[in-house]
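> Heads up, the numbering used here is the position in the sequence shown plus 9, with the first residue counted as 1.
Here a beta-carbon is modelled for each residue, glycine too, at the ideal position from N, C-alpha and C.
Note that this is a predicted model, so its numbers are computed, not measured.
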Amino acid sequence: MDRLLLLVCVLMGFPSLWAEAPYLEIPPKHYVVRIAGEALAIDGKADETAWGHAQWTTDFMDIEGADKQRPRFRTRVKMLWDTEYLYVFAEMEEPHVWGDIVERDAVIFYNNDFEVFIKPKPEDSLYCEFEVNALGTLWDLLLPRPYRNGGPAVDAWDLNDTKIGIHIDGTLNDSSDEDEGWSVEMAIPLKPLMKLSAKPKKIDEGDTWRINFSRVEWEHRMVDGLYERKKDSSTGEFLHEDNWVWTPQYAIAMHRPEHWGYLQFTYKTPDEEVESLLDPWWQEKQVLFSLHRRLLEYRKEHGAYPNRLKKLRELKPFESYSIEYEACETAYRLSIDDEDTGRLSLGDDGRISIDEPVALRGKQ
10 MDRLLLLVCV LMGFPSLWAE APYLEIPPKH YVVRIAGEAL AIDGKADETA
60 WGHAQWTTDF MDIEGADKQR PRFRTRVKML WDTEYLYVFA EMEEPHVWGD
110 IVERDAVIFY NNDFEVFIKP KPEDSLYCEF EVNALGTLWD LLLPRPYRNG
160 GPAVDAWDLN DTKIGIHIDG TLNDSSDEDE GWSVEMAIPL KPLMKLSAKP
210 KKIDEGDTWR INFSRVEWEH RMVDGLYERK KDSSTGEFLH EDNWVWTPQY
260 AIAMHRPEHW GYLQFTYKTP DEEVESLLDP WWQEKQVLFS LHRRLLEYRK
310 EHGAYPNRLK KLRELKPFES YSIEYEACET AYRLSIDDED TGRLSLGDDG
360 RISIDEPVAL RGKQ
């Protein structure tokens with residue numbers, strides 16, 4: 010066993026450490042989702058009273074963080090829920106609304122698209138993903154674990170009761186004019202998602218899942234009157250897409266669930282105050298998952314996990330934490346102890362365990 014020991018004064022001596030690991034200072038974003046309380050027409054317009062009461066998220070930012078270039082077009086989201094569905098409404102500015110993928114479970118992000126990532130059981134490695142384009146074509150998939158841990162993506166996982174409504178403020182696939190944008194309204198069946206959670210039969214007040222949203226935006230060109238992704242004139246390769254998200258991933262990598270936001274369920278009405286509940290382990294989880302990513306990279310390069318943490322690079326941001334590390338060539342376990350909340354552990358499979366489950370506590 011190897012211990013990365015701490016000195017309390019370390020962070021004071023290295024004021025630039027937060028710049029190296031901003032996810033240690035800024036918690037993932039948080040959204041309290043309220044009961045719809047009325048039937049919703051899934052038409053992409055979100056003009057019901059319940060939607061009027063629902064809060065908007067903050068505007069999307071670059072996937073790598075707020076210090077990167079601001080997105081060219083605005084994106085924001087609202088959510089509601091009832092016993093049958095989780096409702097997601099996304100509003101996107103877009104001067105050229107286009108799409109050409111019509112096959113279910115095709116790679117939708119080859120068009121401009123909107124994506125939802127949901128992890129009903131935050132401590133597990135399993136999660137699901139939904140992608141939709143301006144034609145309303147859906148790609149829904151299940152991942153037993155992130156791609157970095159081997160995935161794989163299960164395309165056969167289809168939630169056929171998912172409802173999608175698209176509204177276009179302008180025209181579709183018409184380059185002769187400029188559009189205002191498009192919006193997507195989704196009703197995602199809750200029961201299949203609950204089966205992936207810690208409570209498969211009922212969502213209780215304050216239950217919290219992990220969630221994030223991504224918008225993929227491509228530069229385009231017109232070929233024979235049709236939209237297509239723009240290519241680099243010198244290489245012939247497609248230009249890189251823009252990735253805009255609700256809560257930052259700090260890398261061009263949506264499949265880092267540790268950075269996703271928190272989705273807190275409430276049964277309270279819009280006029281009732283709801284306390285946003287903060288995960289007491291959020292910072293320690295970021296520490297362990299950051300080491301997890303480094304350990305996976307080390308094993309990929311060297312064929313085995315290191316026998317000591319200090320063999321990893323860029324450990325300065327973690328020197329203020331007392332971390333236990335146990336490893337063999339093919340497996341490892343990281344742990345952090347806290348006198349108030351117990352012991353948090355993370356294994357090489359990406360699963361989290363807490364020795365004594367603790368209630369989420371209110372934000373300060």
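#1: So the beta strand (DSSP E) residue 101 belongs to, where does it begin and stop?
#2: Going residue by residue through the region 115–202, where are the continuous beta strand (DSSP E) segments of at least 3 residues, counting only ones entirely within it?
#3: Output the residue ranges of the beta strand (DSSP E) runs that lie fully inside the region 281–337 and measure 3 residues or longer, sorted by chain position.
#4: Please report the residue range of the beta strand (DSSP E) in which residue 84 lies.
#5: Going along the chain, which residues of its own chain have a beta-carbon closer than 6 Å to the beta-carbon of residue 98, five neighbours each way excluded?
#6: Measure the alpha-carbon distance for residue 363 versus residue 351 and round it to whole angstroms.
#7: Got a sec: does the ligand NAD put a non-hydrogen atom nearer than 7 Å to the Cβ of residue 255?
#8: Cβ of residue 297 less than 8 Å from any chain C Cβ?
#9: Exposed or buried, residue 359, counting other C-beta atoms within 10 Å across all chains shown (16 or more means buried)?
#10: Helix, strand or coil for residue 217 per DSSP?
#11: Quick test of your reading: residue 123 and residue 141, contact by CB under 8 Å. State the CB separation rounded to the nearest angstrom.
#12: Specify, as a first and last residue, the run of the beta strand (DSSP E) that residue 351 falls within.
#13: Between 58, 40 and 210, which has its C-alpha nearest residue 221's C-alpha?
#14: Quick check on this structure: which residue in 273, 191, 230 and 150 has the alpha carbon closest to the alpha carbon of residue 90?
#15: Using the C-alpha atoms, what's the distance from residue 103 back to residue 192?
#16: Rounded to whole angstroms, what is the Cα-Cα separation between residue 116 and residue 223?
With the given structure in hand:
#1: 94–102
#2: 122–128, 136–141, 147–152, 172–178 and 190–198
#3: 332–336
#4: 84–90
#5: 55, 87 and 194
#6: 7 Å
#7: You won't find the ligand NAD in this model; it holds no ligand whatsoever.
#8: The structure shown contains no chain C, having only a single protein chain.
#9: buried
#10: strand
#11: 6 Å
#12: 351–356
#13: 40
#14: 273
#15: 10 Å
#16: 15 Å
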